[in-house]
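**Student:**
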Amino acid sequence: MAPKKKGGKKKKKSSGKKSGKSSTADLIKRVEPVPVVIAPARGADALLLQAIVDSNADDVSRLFAAWPALDVNRKEHGDVTPLHFAAERGLLPIATLLLSYGADTGAKTTAGRTALMVAAAGGHRGVVTALVQGGADVNAQDARQMTALHLACINGDTNTVDTLLGLGADAGRADADGRTPWYWANLLGHDSLKKALPEPSDPYDVWKQYEAQAWFKDAIKTLEAAPKKKGKGKKVGKKKKK
Numbered sequence: 289m290a291p292k293k294k295g296g297k298k299k300k301k302s303s304g305k306k307s308g309k310s311s312t313a314d315l316i317k318r319v320e321p322v323p324v325v326i327a328p329a330r331g332a333d334a335l336l337l338q339a340i341v342d343s344n345a346d347d348v349s350r351l352f353a354a355w356p357a358l359d360v361n362r363k364e365h366g367d368v369t370p371l372h373f374a375a376e377r378g379l380l381p382i383a384t385l386l387l388s389y390g391a392d393t394g395a396k397t398t399a400g401r402t403a404l405m406v407a408a409a410g411g412h413r414g415v416v417t418a419l420v421q422g423g424a425d426v427n428a429q430d431a432r433q434m435t436a437l438h439l440a441c442i443n444g445d446t447n448t449v450d451t452l453l454g455l456g457a458d459a460g461r462a463d464a465d466g467r468t469p470w471y472w473a474n475l476l477g478h479d480s481l482k483k484a485l486p487e488p489s490d491p492y493d494v495w496k497q498y499e500a501q502a503w504f505k506d507a508i509k510t511l512e513a514a515p516k517k518k519g520k521g522k523k524v525g526k527k528k529k530k
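Using my numbering, you'd call the opening residue of the sequence shown number 289 and step up by one each time.
1) Which residue wins for smallest C-alpha separation from D551, given the options G366, G331, V360 and L379?
2) What runs of the alpha helix (DSSP H), each 4 residues or longer, lie entirely inside the region 362–395?
3) Kindly indicate which residue of D463, Y389 and M405 has the alpha-carbon position closest to the one of L452.
4) Do you know offhand how far I326's Cα is from D479's?
5) Apart from the five residues just before and just after A334, which ones in its own chain have a Cβ nearer than 8 angstroms to its Cβ?
6) Hey, would you say A484 sits closer than 8 angstroms to V449, going by beta carbons?
7) Between which residues of its own chain and P515 is the CB-CB distance below 8 angstroms, once the five residues before and five after are set aside?
8) Whole angstroms are fine: how far does the CA of A332 sit from the CA of P321?
9) Compute the Euclidean distance between the alpha carbons of R413 and Y471, then round it to the nearest angstrom.
10) For my contact list, G400 and D430 are in at a C-beta cut-off of 8 angstroms; report their separation, rounded to the angstrom.
11) Answer yes or no: do T402 and A395 have a C-beta to C-beta separation smaller than 8 angstroms?
12) Find the nearest neighbour of A339 within the set P381, D367, H365 and G366, judged by alpha-carbon distance.
13) Exposed or buried, what is L475 when buried is set at 16 or more other beta-carbons lying within 10 Å of its beta-carbon?
14) Please give me, in chain order, every unbroken run of the alpha helix (DSSP H) with length at least 4 that falls completely inside the region 392–427.
15) For F373, I'd like the list of residues in its chain whose CB is within less than 6 angstroms of its CB, leaving aside the five on either flank, ordered along the chain.
16) Which term fits K300, buried or exposed, when burial requires 16 or more other beta carbons within 10 angstroms of its beta carbon?
17) Using the C-alpha atoms, what's the distance from L336 back to A353?
18) Report yes if the C-beta distance between D445 and G411 is below 8 angstroms; otherwise report no.
19) To the nearest angstrom, how far is it from the Cα of R461 to the Cα of A440?
20) Just to confirm, is the Cβ distance from V360 to L386 under 8 angstroms?
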């Protein structure tokens with residue numbers, strides 16, 4: 289009998305390519321063409337956010353070229369949009385690109401913050417200017433009725449405050465507690481900002497911050513409804529000598 293040949297599975301030749309993390313550009317090329325209406329479901333939205341995190345404006349452009357129907361205003365956790373991500377990081381080229389693709393400057397997070405407020409809080413003046421020029425309301429207010437100017441004053445950011453004032457920010461607008469930007473600058477010791485802001489003519493009303501709260505309203509109603517007791521006044525006079 290002829291000797292049996294030793295069997296075995298043939299080893300596949302290595303391609304020589306090292307495995308590693310693919311770039312966003314590589315992922316864009318690898319995704320097979322699909323109808324634009326279902327492109328977001330195949331991960332294009334995630335790729336857009338990754339391109340923003342990577343500060344890669346070229347990849348942002350490629351994504352919109354590949355999927356024209358990509359939702360530029362898609363909201364993530366906390367109602368954060370791609371424009372919020374770019375504004376937070378101070379990415380002017382990407383913010384400008386997103387605006388050109390129809391990004392909504394009025395979109396707000398669950399805290400009521402617009403991309404302009406986020407940019408102002410981070411001191412990103414270039415993005416602040418681009419957003420206002422792109423239609424953002426410089427006096428928009430968040431859930432606490434704070435404006436971008438309030439946030440810049442809280443941070444003591446003189447340059448951003450000057451930029452916002454130059455773009456038409458209302459320095460006299462108060463937040464939910466009646467505090468103007470000047471008040472915050474004064475409270476936090478930002479003396480250089482106080483010179484650029486008008487000092488309020490009326491003193492700060494410490495009770496205003498409680499006016500909208502239910503317990504305060506109930507307490508006022510209780511006091512107003514309570515019957516006034518007629519007190520017997522004591523006569524003041526000299527004591528009689530015994």
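Backbone N, C-alpha and C define an ideal beta-carbon position, used for all residues, glycine too. Nothing here was measured: the structure is a model prediction, and the numbers come from that model.
**Tutor:** Inspection of the coordinates gives the following:
1) Because the chain here runs from 289 to 530, residue 551 falls outside it and cannot be looked at.
2) 370–377 and 380–388
3) M405
4) In this prediction, I326 scores a pLDDT of 37, lower than 50, which makes its location untrustworthy; no coordinate-derived value is stated.
5) none
6) A contact, by the Cβ cut-off of 8 angstroms.
7) none
8) Because P321 sits at a pLDDT of 41, beneath the cut-off of 50, its placement in the model cannot be relied upon, and the following sentence gives the value as read from the coordinates. Straight-line Cα distance between these residues: approximately 12 angstroms.
9) Answer to the nearest angstrom: the Cα atoms are 22 angstroms apart.
10) 4 angstroms
11) yes
12) P381
13) exposed
14) 403–409 and 413–421
15) I340
16) Confidence at K300 is low in this model, with a pLDDT of 49, below 50, so its placement is unreliable and the value that follows should be read with caution. With fewer than 16 other Cβ atoms within 10 Å, it is exposed.
17) 12 angstroms
18) yes
19) Cα-Cα distance, rounded: 14 angstroms.
20) yes
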